[in-house]
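Structure first, then comments.
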Amino acid sequence: MIVDSQAEPAAVVLPEPFDPTLDDADIDLDTRLRLFRVQHEIRQLERRLHDLFLQNLVKGTSHLATGMEAVGAAFGVALRSDDYSFATYRGHGHTIARGVPPGPIVAEMLGRGTGLLGGKGGSMHLTSVEHGMMGSYAIVGAHLCIANGAAWSAKLRGTDQVAVAFFGDGATNIGAFHEALNFAAVYQLPVVFVCENNLYMEYTAIRKVTAVRHPAAERAVAYGLEPTLVDGNDADAVYLVARAAIGRARAGGGPSLIEAKTYRHGGHSRADPGTYRPEEEVQAWIAHDPIPMYHQRLLRLGVAEERLAEIVTSVAAAIDAATEEAKAAPPPDPAELWTNVWADGGWQWRS
Amino acid sequence: MAVAQLTYREAVARGIAQEMRRDPAVVFLGEDVASAGGVFKTTTGLVEEFGPERVVDTPISEQAILGAAMGAAMTGMRPIAEIMFSDFFAVCWDMVANEIAKARYMTNGQVACPLVIKSGNGGSVRFGAQHSQSVENWAMSVPGIKVVAPSTATDVVGLMAASVRDPDPVLFFEHKGLYASKEDVPDGEIVDCLGTAKKLRDGGDCTVVALGLMVPRAMAAADVLAGEGIAATVIDMRSLVPLDMATVLESVAATSRLFTVEENPRACGWGAEVASIVADEAFWNLDGPIVRITTPHLPLPAAGELEDLAIPSVERIVATIRESLS
């Protein structure tokens, strides 16, 4: 595979067409319906958070994964409940995909005391240890090293848990990425590195600042990892490679790296309209939207439109209820400022 | 109780071994720590006793080392990681200051990081500017990590045990200039308590607080001053977070004068915080200015003649206290 790094990077990077043969992929219908549901959960959550931002109810910054739902959903469905997820600041989707209820997520975004982190973490640090969601990390690349530690721990404790680290294309140019891949390979850790390559590190195209075309996959080769490139907008495609990589790690086969090509429909963060991207490219990727494609696939497979509509409606009801619950919730108790610095629950550092 | 002469460097391995025997969740990783027994020979014998699964030689990848320690600590292990020279914290400070220190707070208590990061700290060994710094004040400035710096072999064992057993992340600064020092250390399990300063000497004329290598120098200075009729109390702070100000304030109430002896460069050194608290809370107990005896705000030079001028010496401590009290 790959290593066509001498190829002239195109000014506009268009998606490859969806693979029609994946209609026949070895994925049972229940799993596919879950993939459908989780993609909608992510999409509707992100849209709601965007609306709440426009209403000035979401403060600070936030980074939406609209258009990138297939990766989060596929891994959320493929992982076992006791596996570990490590996400980036663009982690709302990865959080809800692990089964974290939307109520505390929306409340955290609104800075409420009922938030997932009591209002202390905010958008970029969503965490729910009880769901295996081990955190969202806002320093690019760091959590790849931390995911290694969780994988090392699983190996030492003799469990067959797997750790997954999601990261953007931009992370492939920071040292922690390179340290993490080598470390995982040397100790054959049960970890899966998942690059969500949405073509832009922040405002700059990754191809403009990276010497190779596939920023994660081609580097992985250098560390002895077998990389996989996948259409990150096809939940079935991602699910198949996720299942294989997770299974391999669980069986003691060591780490692997997946580079999923995808695209965010919006800008990098709430402050960014994304105007640096060519219109032709944006339109082509919006047409390559993972959600309507998956809808059509399920119809082709004989699922009734009514059944899909029911799922969409029930997700909408859950997001609506979460929103109302969060809006009605009080702000954090001022006393919470002083809690949970230390294991004793407090903050004291001197006598 | 039986005792044995133990060097400070041997005490490091003894403390780690004591905890690894007690708790199978304790694992140890770092550069050259296993087969080589550590570049300072502080971890000799550990891989032989506990095996390469629990005592791991790593690549020169400080972010990967601390990330692995953090991820393991979050998921049920009790890792000890080594950063060979404390200067190297600069290449992995994100892991300390942004990840490990903040994880519990920003997840509102969901994530725990019970881990120890041990490191060779400090000067006097002619290694030059990038292998000699005292960086305990970097650590002290970050909320969410505990900071320990023992000055004797016995304290190394007991404070290492306390650090490993602590549910919060601890930076454990060994002083390179003390590795060869030795003392009688009791046999059997030793477990100390973090956040407790130790009064090593009682005297009514002034309080001298010190840390790490500055502790034996402050003690030697107190001996000289005693010959001149000046009685000094000497306190080994032992940990900066938690900071045992109760012991310092109580002593200042008795002596009315405070001197800090700090190896870190002057600006924002740990003694500045101690001085600030004493000025706030014990001002009316003071009979004179609080005096900080520190390394100047300089990078450390390599040549012995220059390094000895930079780091507080016994002579400088004696002269400063003598002059200030006269």
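Going line by line, the protein sequences match chains Y and F. Numbering of the first sequence is given in the working numbering, commencing with residue 1 and proceeding in unit increments. Numbering of the second sequence is given in the working numbering, commencing with residue 1001 and proceeding in unit increments. Even for Gly, the Cβ is constructed at its ideal location relative to N, Cα and C. Since the model is a prediction, treat every value here as computed from it, not as a measurement.
- Its chain contains D1184, V1185, D1187 as the residues whose beta carbon lies nearer than 8 Å to that of F/A1004, once the 5 sequence neighbours on both sides are disregarded; these appear in chain order.
- Taking a Cβ-Cβ threshold of 8 Å, the residues of chain F close to Y/L117 are M1106, T1107, N1108, Q1110, in chain order.
- Contact of Y/L156 with chain F is assigned, a C-beta pair being separated by under 9 Å.
- In this chain, the beta strand (DSSP E) harbouring F/H1175 covers 1170–1175.
- Scanning its chain for C-beta atoms nearer than 7 Å, with the 5 sequence neighbours on each side dropped, one finds around F/V1026 the residues E1019, M1020, R1078, I1080, V1164, in chain order.
- Considering only F/E1323, F/M1095, F/I1277, the residue with the shortest C-alpha distance to Y/G175 is F/M1095.
- Taking C-beta separations shorter than 7 Å and ignoring five residues to either side along the sequence, the partners of Y/L22 in its chain run D234, D236, A237, following chain order.
- In this structure, the beta-carbon distance from Y/G135 to Y/F86 falls below 9 Å.
- At least one beta carbon of chain F lies nearer than 9 Å to the beta carbon of Y/G135.
- With a threshold of 9 Å between beta carbons, Y/G121 makes contact with chain F.
- Spanning the alpha carbons of Y/E280 and Y/P15 requires a straight line of approximately 11 Å.
- A straight-line Cα-Cα distance of about 5 Å links F/D1287 and F/S1256.
- Distances from the CA of F/V1047 to each of F/V1033, F/V1156, F/V1039, F/A1180 were compared; the closest alpha carbon is that of F/V1033.
- In this model, F/G1038 and F/L1006 are separated by some 17 Å (Cα to Cα).
- Of all residues in the region 169–196 of chain Y, the ones placed with a Cβ closer than 7 Å to any Cβ belonging to chain F are G175, A176, E179, A180, N182, F183, V186, in chain order.
- Taking 4 residues as the minimum length, the alpha helix (DSSP H) runs contained wholly in the region 1061–1133 of chain F are 1062–1074, 1103–1106, in order along the chain.
- DSSP places Y/G119 outside any alpha helix (DSSP H), giving it a letter other than H or E.
- Rounded to whole angstroms, F/R1009 and F/L1178 show a C-alpha spacing of 8 Å.
- Residue pairing by DSSP places Y/F167 opposite Y/C195 in a beta bridge.
- In terms of Cβ geometry, F/E1049 and F/C1092 do not form a close pair [threshold 9 Å].
- Assigned with DSSP and collapsed to three states, Y/N233 falls in coil, not helix or strand.
- In the structure shown, the three-state DSSP call for F/D1192 is coil.
- When only Cα atoms are considered, Y/G158 and Y/A185 end up about 18 Å apart.
- For the pair F/Q1110 and Y/I96, the Cα-to-Cα distance works out to about 17 Å.
- Excluding sequence positions up to five before and after F/M1160, its CB lies within less than 6 Å of the CB of G1015, all in the same chain and listed in chain order.
- Contact check between the region 194–201 of chain Y and the region 144–159 of chain Y: fewer than three CB pairs, one atom from each, fall below 8 Å, which does not count as touching.
- For the region 78–110 of chain Y, the set of positions with a beta-carbon nearer than 9 Å to some beta-carbon of chain F reads Y84, F86 in chain order.
- In its chain, beyond the 5 residues on either side, V315, A316, I319 have a beta carbon closer than 7 Å to the beta carbon of Y/Q44.
- Those residues of the region 198–218 of chain Y placed with their C-beta closer than 7 Å to a C-beta in chain F do not exist.
- The beta carbon of F/A1073 is closer than 6 Å to those of P1079, C1113, P1114, L1115 in its chain, skipping five residues each way along the sequence.
- Proximity to F/E1323 across F/S1313, F/L1225, F/T1042 peaks at F/L1225, based on C-alpha coordinates.
- In the three-state scheme derived from DSSP, where H, G and I count as helix and E and B as strand, Y/P255 is classed as coil.
- Straight-line spacing of the CA atoms in Y/L181 and F/G1122 works out to 32 Å.
- In terms of beta-carbon proximity, F/G1067 lines the interface with chain Y, with at least one pair separated by less than 9 Å.
- At least 9 Å separates the beta-carbon of Y/P278 from that of Y/V38.
- Taking C-beta atoms under 8 Å as the contact rule, F/I1117 and F/A1069 qualify, at a distance of about 7 Å.
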